[in-house]
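Residue numbers (our numbering), protein chains in the order written: chain A, 7 to 124; chain B, 2 to 113.
Beta carbons are placed, not taken as given, at the ideal position from N, Cα and C, and that holds for glycine.
Take a look at the structure set out below.
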Amino acid sequence: GAVVSQHPSWVICKSGTSVKIECRSLDFQATTMFWYRQFPKQSLMLMATSNEGSKATYEQGVEKDKFLINHASLTLSTLTVTSAHPEDSSFYICSASPRGTGTYSPLHFGNGTRLTVT
Amino acid sequence: SQQGEEDPQALSIQEGENATMNCSYKTSINNLQWYRQNSGRGLVHLILIRSNEREKHSGRLRVTLDTSKKSSSLLITASRAADTASYFCATASYSSASKIIFGSGTRLSIRP
């Protein structure tokens, strides 16, 4: 149980275009999902907290107009990288914790999306 | 910025040996978790230790937590080639327990 599906697993796009990444909780509901970014051989940097039915909360230094987050349902959050540039090339990973679970519940991660902007 | 640092950044050991990774963090925590990441993949949760716990075991894994020193360690005993991966500690605060912040990670390589 507690499976998180992320799609696509990889995408190549041209500079200036927008890319949408989906994060779905397949067998549980999640009022909150998290989006992380990871550069090669580095750790995961939290970008934003996605809240179902409300605006996302962005970490300091993350441009909310560039990384649009929509959490329209209890099982789906999307991250749209707008006007992508080569420096946006990275590995993006989402995570979620089942709704109603306690404080000591681990997060469940998607398998990530490798974005390459040419 | 990252919550903490991990030490060592990279570790290469012989199969069968034990691997120890250390994690230090900066702020008060609700719990600390260890995750594993195979190259280019998502993260897999390994173990969670609460702030009022000092040691926890799960199979070949042993985790310690010293809140006075703001540090934790992960010990993998009798390592196997399949243990090759990156290992990250992650901390959760009291104010937002589901929002976890990752350490810098340790790349572990097991030589057959």
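Secondary structure of residue i, DSSP reduced to three states
{"i": "residue 83 of chain B", "result": "helix"}
{"i": "residue 8 of chain B", "result": "strand"}
{"i": "residue 28 of chain A", "result": "strand"}
{"i": "residue 35 of chain A", "result": "coil"}
{"i": "residue 92 of chain B", "result": "strand"}
{"i": "residue 68 of chain B", "result": "coil"}
{"i": "residue 86 of chain A", "result": "strand"}
{"i": "residue 15 of chain A", "result": "coil"}
{"i": "residue 64 of chain A", "result": "strand"}
{"i": "residue 13 of chain B", "result": "strand"}
Residue i - partner residues in DSSP beta bridges
{"i": "residue 58 of chain B", "result": "B:63"}
{"i": "residue 98 of chain A", "result": "A:43, A:119"}
{"i": "residue 23 of chain B", "result": "B:8, B:74"}
{"i": "residue 44 of chain B", "result": "B:38"}
{"i": "residue 80 of chain A", "result": "Bridge partners of residue 80 of chain A: none, in fact."}
{"i": "residue 97 of chain B", "result": "BP columns for residue 97 of chain B are empty, so no partner."}
{"i": "residue 10 of chain A", "result": "A:31"}
{"i": "residue 104 of chain B", "result": "B:5"}
{"i": "residue 51 of chain B", "result": "B:32"}
N-terminal and C-terminal residue of the beta strand (DSSP E) that residue i is part of
{"i": "residue 117 of chain A", "result": "It is not in any beta strand (DSSP E) - residue 117 of chain A carries neither H nor E in the DSSP assignment."}
{"i": "residue 30 of chain B", "result": "Element bounds for residue 30 of chain B: n/a, residue is neither H nor E."}
{"i": "residue 91 of chain A", "result": "Counting along the chain, residue 91 of chain A falls outside any beta strand (DSSP E), and DSSP gives it neither H nor E."}
{"i": "residue 57 of chain A", "result": "50-57"}
{"i": "residue 110 of chain B", "result": "107-112"}
Cβ-Cβ separation, residue j to residue i (assumed contact under 8 angstroms), whole Å
{"i": "residue 34 of chain A", "j": "residue 104 of chain A", "result": "4 angstroms"}
{"i": "residue 1 of chain A", "j": "residue 49 of chain B", "result": "In this structure chain A extends from 7 to 124, so residue 1 of chain A is not present and cannot be described."}
{"i": "residue 78 of chain A", "j": "residue 36 of chain A", "result": "At roughly 12 angstroms, the Cβ-Cβ gap does not stay under 8 angstroms, so residue 78 of chain A and residue 36 of chain A are not in contact."}
{"i": "residue 54 of chain B", "j": "residue 63 of chain B", "result": "That belief does not hold up - the Cβ atoms of residue 54 of chain B and residue 63 of chain B are roughly 12 angstroms apart, past 8 angstroms."}
{"i": "residue 60 of chain A", "j": "residue 32 of chain A", "result": "That pair is no contact at about 23 angstroms."}
Inspect the CB distances between the region 10-26 of chain A and the region 55-71 of chain B and report whether three or more fall short of 8 angstroms. In short, these stretches do not touch, since the Cβ pair count stays below three.
Evaluate contact between the region 20-31 of chain B and the region 70-89 of chain B, counting only Cβ atoms and requiring at least three cross-stretch pairs below 8 angstroms. With the cut-off at 8 angstroms, the region 20-31 of chain B and the region 70-89 of chain B touch.
When the Cβ atoms of the region 80-95 of chain A are set against those of the region 73-82 of chain B, are three or more pairs found closer than 8 angstroms? No: fewer than three Cβ pairs fall under 8 angstroms.
Using a Cβ distance threshold of 8 angstroms, determine whether the region 55-65 of chain A contacts the region 77-84 of chain A, with at least three qualifying pairs required. The region 55-65 of chain A, when compared against the region 77-84 of chain A, does touch it at the 8 angstroms Cβ threshold.
Measuring CB atoms only, is the region 3-12 of chain B touching the region 25-44 of chain B, in the sense that at least three cross pairs come out at less than 8 angstroms? Short answer: they touch.
Pairs of beta-carbons, one from the region 30-43 of chain B and one from the region 116-124 of chain A, closer than 8 angstroms: are there three or more? Below 8 angstroms, enough C-beta pairs join the region 30-43 of chain B and the region 116-124 of chain A to call them touching: three or more.
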